[in-house]
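S.K.:
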Amino acid sequence: MNNKGLTLIEVIAVLVVLSIIALIVTPNIAVSINDYKERILESQLSSVKGATKNWVADNIEKVTCASDDLSALMVDLNTLYTGAYIDDKLLNSNGGHLDADKTFGLVACKVIEDETNNYATNYKYEYGAYLDLDDYLKKMAIEYVKDHTKYNADVSTDDLKGDGYIYQSIVKTNGSFVTIPEKTIAVTVDNSSDGSTTYSATIK
98 MNNKGLTLIE VIAVLVVLSI IALIVTPNIA VSINDYKERI LESQLSSVKG
148 ATKNWVADNI EKVTCASDDL SALMVDLNTL YTGAYIDDKL LNSNGGHLDA
198 DKTFGLVACK VIEDETNNYA TNYKYEYGAY LDLDDYLKKM AIEYVKDHTK
248 YNADVSTDDL KGDGYIYQSI VKTNGSFVTI PEKTIAVTVD NSSDGSTTYS
298 ATIK
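The numbering of the sequence shown is this note's numbering, which starts it at 98 and goes up by one.
#1: Tell me whether Tyr-220 sits in a helix, a strand or coil according to DSSP, three-state version.
#2: Quick check: the Cα distance between Asp-173 and Ser-290, rounded to an integer number of angstroms?
#3: With distances taken from CA atoms, which of Thr-161, Val-284 and Val-208 is nearest Ile-239?
#4: Excluding the five sequence neighbours on either side, which residues of its own chain have a C-beta within less than 7 angstroms of the C-beta of Ile-209, listed in chain order?
#5: Rounding to the nearest angstrom, what Cα-Cα distance links Gly-225 and Ser-140 in this structure?
#6: From this set, Ala-298, Glu-135, Met-237 and Ala-181, which residue's C-alpha is nearest Tyr-264's C-alpha?
#7: Can you give the beta carbon distance from Leu-138 to Ser-190, rounded, assuming they're within the 8 angstroms contact cut?
#8: Under 7 angstroms Cβ to Cβ from Tyr-262, same chain only, skipping five residues before and after it: list those, please.
#9: How many Å lie between Thr-309 and Thr-176 at the Cα?
#10: Given a threshold of 16 other Cβ atoms within 10 Å of its Cβ, counted over all protein chains shown, does Thr-301 qualify as buried or as exposed?
#11: Give the straight-line distance between the Cα atoms of Thr-295 and Asn-249, rounded to the nearest whole angstrom.
#12: Identify every run of the alpha helix (DSSP H) within the segment 167 to 210, keeping only runs that are complete inside it and at least 4 residues long; order them along the chain.
#13: Per DSSP, which residues does Ser-253 bridge with? Please list them.
#14: If I follow the unbroken alpha helix (DSSP H) through Ile-239, where does it start and stop?
#15: Tell me whether Ile-183 is buried or exposed, calling it buried when 16 or more other Cβ atoms sit within 10 Å of its Cβ.
#16: What is the DSSP secondary structure of Lys-269, counted as helix, strand or coil?
#17: Identify the residues that DSSP records as bridge partners of Ile-300: which are they?
#18: Please report how far the alpha carbon of Lys-280 lies from the alpha carbon of Lys-258, in whole angstroms.
#19: Straight-line CA distance for Gly-292 to Thr-161?
#20: Can you tell me whether DSSP reads Thr-104 as helix, strand or coil?
#21: Is the Cβ-Cβ distance between Lys-186 and His-194 less than 8 angstroms?
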């Protein structure tokens, strides 16, 4: 029977190997967790967007259609809960619930002109869903940077309004107007080694 144990050198070697494995695996786990959280959030916002479409179908008279892209209607999560357009409380990325007072769906209706330049009877509806106003501004700033091929840019709400990335007028379902605060959004562009590009935004 061999009762020989590990030598100190062997123990150190095992610890070194385990440390290397941990260094390789841990970042991947962290990335996977973050990706999972982001997918959950995207799924929940997709539910808000779908519920907003259903709400509009039942309340079409409350949506104003125009020939421009300057105005939109905000349908908050509380309205969707109250009308039973969403049954269960939606989760955020941290395991809590989305803030029903701040999370909202957004709908804008534009009148489509026909080939004879007369207004047609059909309309184009655009929908979005956001965690709050800051989330809306950050996502629009990222779209602005993508379209203008800018890098690490500071984008103001005036830039976004002037170029039509955010609506000039947003009205709640109760008829009150939403004030878009004057803010600057810092957008960072990260080009990874695999050729992919990620965008992140923060409110200054």
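Each residue gets a CB set at the ideal place from its N, CA and C atoms; glycine is no exception.
M.R.: This is what the structure holds:
#1: Taking the first residue of the sequence shown as position 1, residue 220 is located at position 123. In this structure, Tyr-220 counts as strand in the three-state DSSP scheme.
#2: The residue given as residue 173 occupies position 76 in the sequence shown. The residue given as residue 290 occupies position 193 in the sequence shown. The alpha-carbon atoms of Asp-173 and Ser-290 are separated by roughly 40 angstroms.
#3: Counting from one through the sequence shown, the residue named residue 239 turns up at place 142. Residue Val-284 is the option with its Cα nearest to Ile-239.
#4: The residue you call residue 209 lines up with position 112 of the sequence shown. Cβ neighbours of Ile-209 beyond the five flanking positions: Ala-217, Asn-219, Tyr-220 and Lys-221.
#5: Within the sequence shown, the letter at position 128 stands for residue 225. Within the sequence shown, the letter at position 43 stands for residue 140. Near 13 angstroms, if we compare the C-alpha coordinates of Ser-140 and Gly-225.
#6: Counted from its first residue, the sequence shown places residue 264 at position 167. Ranking Ala-298, Glu-135, Met-237 and Ala-181 by Cα distance to Tyr-264 puts Met-237 first.
#7: Taking the sequence shown and counting its residues from 1, the one referred to as residue 138 is at position 41. Taking the sequence shown and counting its residues from 1, the one referred to as residue 190 is at position 93. That belief holds up - the Cβ atoms of Leu-138 and Ser-190 are roughly 5 angstroms apart, short of 8 angstroms.
#8: If you number the sequence shown from 1, residue 262 lands on position 165. So the list reads Met-237, Glu-240 and Tyr-241, once near-sequence residues are dropped.
#9: In the structure as shown, the chain begins at 98 and stops at 301. Residue 309 is therefore absent and cannot be evaluated.
#10: Here residue 301 refers to the residue found at position 204 of the sequence shown. Note that residue 301 is Lys in the sequence shown here, rather than Thr. That one is exposed.
#11: Position 198 of the sequence shown, counted from the first residue, corresponds to residue 295. Position 152 of the sequence shown, counted from the first residue, corresponds to residue 249. The alpha-carbon atoms of Thr-295 and Asn-249 are separated by roughly 11 angstroms.
#12: 174 to 179
#13: One-based indexing of the sequence shown puts residue 253 at position 156. Answer is Thr-281.
#14: For the purposes of this step, residue 239 is identified with residue 142 of the sequence shown, where counting begins at 1. Where Ile-239 is concerned, the enclosing alpha helix (DSSP H) stretches over 230 to 244.
#15: As a working note, residue 183 is residue 86 in the sequence shown. By the neighbour-count rule (16 or more Cβ atoms within 10 Å), Ile-183 is buried.
#16: The residue given as residue 269 occupies position 172 in the sequence shown. It is a strand residue.
#17: Taking the first residue of the sequence shown as position 1, residue 300 is located at position 203. According to DSSP, which records beta bridges pairwise, Ile-300 is partnered with Ile-282.
#18: Looking up residue 280 in the sequence shown gives position 183. Looking up residue 258 in the sequence shown gives position 161. Going from the Cα of Lys-280 to the Cα of Lys-258 covers about 12 angstroms.
#19: Reading the sequence shown from its first residue, position 195 is the one you call residue 292. Reading the sequence shown from its first residue, position 64 is the one you call residue 161. Approximately 43 angstroms, taken between the alpha carbons.
#20: The residue given as residue 104 occupies position 7 in the sequence shown. Judged by DSSP in its simplified three-state form, Thr-104 adopts coil rather than helix or strand.
#21: By one-based count along the sequence shown, residue 186 stands at place 89. By one-based count along the sequence shown, residue 194 stands at place 97. Cβ distance < 8 angstroms, so Lys-186 and His-194 count as in contact.
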